[in-house]
Amino acid sequence: MICTVKQPSISIVASHVLLRKKGSSSTPVQSCSVVVPSSHLRENTLRSLVSVQKPLHLSCVGLGNFVGCPVRRERGHLGTCRAYEAERPEVEGAGNPSEAAKKVKIGIYFATWWALNVVFNIYNKKVLNVYPYPWLTSTLSLACGSLLMLISWATRIAEPPKTDLEFWKTLFPVAVAHTIGHVAATVSMSKVAVSFTHIIKSGEPAFSVLVSRFLLGETFPVPVYLSLIPIIGGCALAAVTELNFNMIGFMGAMISNLAFVFRNIFSKKGMKGKAVSGMNYYACLSILSLAILTPFAIAVEGPQMWAAGWQTALSQIGPQFILWMAAQSIFYHLYNQVSYMSLDEISPLTFSIGNTMKRISVIVSSIIIFHTPVQPVNALGAAIAIFGTFLYSQCFEPWRILCKGCTREDSEGNLWVTDCRVIRGTNFKVEEHALSSEKTLAMEASLNWFSEFPSQLLLTIVSLLPFKDAVRTSVLSKQCQHVGTREAQRKSFLDFIKFWIENHKGTVLNKFSLRLSMPEKVTEVIDGCIILSHKVYNCSLESFKLYSCSFLETEVFSFHELKEVSLGWMEVKLSAIKALLSNCEKLESRVYVSQNAGA
Amino acid sequence: MQKTEGEESKAENEEVKQVTLMTSDGVKMKVEISIVYEMEIVRSFIEVNDADHSVPFPLPNVSSHTLDLIIELVKNEYDDEFMKTFSHDELKEVLVAANYLNMKTLLDFIATAIANLLEKKSVEFIRNFFNIVNDFTPEEEAEIRKTNEWVFQDLDED
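Protein sequences, first through last, are from chains A and B. Going left to right, the first sequence walks through residues 1 to 599 as the UniProt record's numbering numbers them. Going left to right, the second sequence walks through residues 1 to 158 as the UniProt record's numbering numbers them.
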């Protein structure tokens, strides 16, 4: 009979730099882990995992915050606890392949998006020149998009979304804004040069800030407001000096700006926590917009005008005209689809910056293709406006706060809670994380629940609560939802770990791992882990790995079953190593002691 | 020299045995020195100053009723059964007082007791307990509840 027993293990992992000398730059990523096998009790096995991971490469200074740690138990048998602590951004240079890949992916999205947009604009303008019915062309664009998506759903090229009434309800305001913005832009383009429409539309960041400021009550730092001056000034200059100025064309572009700002705000809200992702989201948006737009298009222009115009256009251009019509409709859908796919990956702000860059390519290409007459002053106005949007993105970025608290459930059913307050959000990894874990927060106790109650007391009480109950306190009031300080959050986390260790009653642990930044400050927690390993395993530790830790006390380690020992990035007294190894007769793999060890 | 001083103060403590505390409502209470020693705030005062113990030590943040409860708790060596007779307000008052008086053991004891009380209780119960005003709109609250749905399940009756 062959019997395989998979040895359960305990591992204690501590990370971060303990012995790094001040000023030294290259420090390997550190961690320490202790792996212990369990005794052979198979009954009542409690699997537990506490793992605190260094998550994201935060590009801000000291704002990585920990928030919480979830515990989940199923039938009292399997318990998994994971906690997540943001690291200070010192590992920035360490690089993460997936992060680089992410950036490349975003780059490809952007390039495709811009190229498709240029093509759409050119064909759209060509069509509008000979067939000036913007309402119909907008309707056809949307209809074409809806049709393409319905076909790909029917043929299973794309997975049809699972939608409910709630989803369509949240989508409705987005669709209204989208419809208005789209029609207004097309109307504008039918009246004035493509380049002019896009110069005016480059003022979108200004609308974005003003709407956020006055309607949503968000405040921005002064540089952001200052950057609006060249944007607005440049747009105004370009508008005033425009040779073919047309009020309807100008207002159309302005309305479109405003509508798209709302669309982005609504759609960002709507996408939160929804399973419908970029592509399908856009498809649903097209369908709903089409439904909204069609009656209006018929009312404004009507089939009779369309038919008459059609004959004229066809006689002027020939059958080629139908191709143009088809091209503008298809490319409209494609470029929007790509932009929505990238909106899944990035924040509305980065999106709006990409949008501005896209505009430059459209303006330049349309001027070349349509031989639009451009005055030097006019070009200067456009340049100032676009330079303004660049300044805007530069001064806005460092002040950005991306996400607050998040919880996320992974495929194994573990709930992850994290809080990354990120400033200067150039990091797509962070943004992606923020999006993939939209849910808001968790284990936070307010420091000011109410005035006469010392805040620390509430934190004390909340930290004594089981995690599930602690999470529930986030709904008490707005103040309770967010904790102010990093220390308080870290404390509640550490208290939770301590509480968990102290109250752990099982005799068998399959795996226990804890990864923690700055373990030198929480030696009692780590000591607690080791004591736990003694309690649970009766010193039957099999694999022992320690990196960058300073708690090597000879008396702590009285393990007899060690098969593997690995130490690194720490100062260890030779006597301590001898003491550690002297009792071990079962050592199998070689003992690895790396730099800084010895002496 | 130091030794003699220590012996002197020890002798003095034995002599006094009791310290007079004056509560917020103006009641003067004589409290055994062993209990007073758990109150770090008073203890540090007594130890630093060679104070005259007949002068009442003012405790402007503690009511006489709360001090009674604290003394009883300490005397009974933190009896769970006794504490179960406390009302919610009494629990909170003792918690705040224990914090103010810097009585670590009592603070741990009472905080744990409150945590046990709040465990598996509904949000409404906890709000009520701490007099927290709910400033969420129903929609906001519903959304937060939805994001962490699992924590709102399997609660005890209030």
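The C-beta atom is built at its ideal place from N, Cα and C for all residues, glycine as well.
Would residue i and residue j be called neighbours here (beta carbons separated by less than 8 Å)?
i       : j       : result
T356(A) : P205(A) : yes
E242(A) : N378(A) : yes
E40(B)  : N116(B) : no
A236(A) : W135(A) : no
A238(A) : A382(A) : yes
E119(B) : L465(A) : yes
F260(A) : G181(A) : yes
V209(A) : L226(A) : no
I132(B) : L476(A) : yes
V338(A) : T112(A) : yes
E301(A) : Y109(A) : no
P230(A) : F387(A) : yes
G233(A) : I384(A) : yes
Given residue i, which residues of its chain have a CB within under 6 Å of its CB, disregarding the five upstream and five downstream residues?
i       : result
S141(A) : S329 and Y332
S64(B)  : T23, D25 and V27
A253(A) : S188, T197, I200 and K201
G145(A) : S286 and H333
S361(A) : W114 and V118
S138(A) : H182, V183 and T186
I255(A) : A184
Anything in chain B within Cβ reach of residue i, meaning under 7 Å, just list it in chain order.
i       : result
D164(A) : Those do not exist, as D164(A) stays about 13 Å from chain B at its closest Cβ, beyond 7 Å.
So residue i contacts chain A; which residues on that side make the cut at Cβ distance below 8 Å?
i       : result
K84(B)  : Correct list: empty, because the minimum Cβ distance to chain A is about 18 Å.
E141(B) : V475
I33(B)  : Ordered by position in chain A, no residue passes the 8 Å Cβ test against I33(B), which lies about 27 Å from the chain.
Residues in its own chain within less than 7 Å of residue i by CB, not counting five upstream and five downstream?
i       : result
Y340(A) : G278, M279, Y281 and Y282
M83(B)  : L73 and A113
A327(A) : Y123
A143(A) : L290
P60(B)  : S24
W306(A) : Y133 and L136
T66(B)  : E93, V94 and A97
F57(B)  : V19, T20, L21, M22, V42 and F45
Y335(A) : W113, L116, N117 and F120
I90(B)  : The sequence given here has Glu at residue 90(B), not Ile. Excluding residues within five positions, the ones whose Cβ falls inside 7 Å are L69.
I367(A) : S195 and V374
P173(A) : F266
Identify the contact partners of residue i in chain A, using a Cβ-Cβ distance below 7 Å as the criterion.
i       : result
E119(B) : L465, P466 and D469
T112(B) : L464
F152(B) : R472
V123(B) : R472, V475 and L476
L95(B)  : L457
Under 9 Å between beta-carbons, which chain A residues line up against residue i? List them in chain order, please.
i      : result
I70(B) : Here the premise fails: no neighbours, minimum Cβ distance about 15 Å.
I41(B) : Here the premise fails: no neighbours, minimum Cβ distance about 14 Å.
I46(B) : By Cβ distance, chain A contributes nothing, its closest Cβ being about 24 Å from I46(B), past 9 Å.
Determine the burial state of residue i: buried for a count of at least 16 other Cβ atoms within 10 Å of its Cβ, exposed for fewer.
i       : result
I70(B)  : buried
H88(B)  : exposed
E93(B)  : buried
D164(A) : exposed
A175(A) : buried
D80(B)  : exposed
F207(A) : buried
R263(A) : buried
L323(A) : exposed
K30(B)  : exposed
S44(B)  : exposed
R156(A) : exposed
L216(A) : exposed
K358(A) : buried
Against residue i, what residues of chain B qualify as contacts under a CB-to-CB distance less than 8 Å, listed in chain order?
i       : result
S474(A) : I144 and N148
In chain order, what residues of the same chain have a beta carbon less than 8 Å from the beta carbon of residue i, not counting five sequence neighbours either side?
i       : result
Y78(B)  : T105, L106 and F109
F321(A) : V127, V130, Y131, A313 and L314
K191(A) : N246, I248, G249 and G252
D154(B) : K120
I126(B) : L118 and I132
Please look up how many angstroms separate the CB atoms of residue i and residue j, rounded, as I've assumed it's under 8 Å.
i       : j       : result
A177(A) : F266(A) : 6 Å
F370(A) : A193(A) : 7 Å
Chain-ordered residues of the stretch 127–148 of chain A with a beta carbon less than 9 Å from chain D: Here chain D cannot be found, since the structure's protein chains are A and B.
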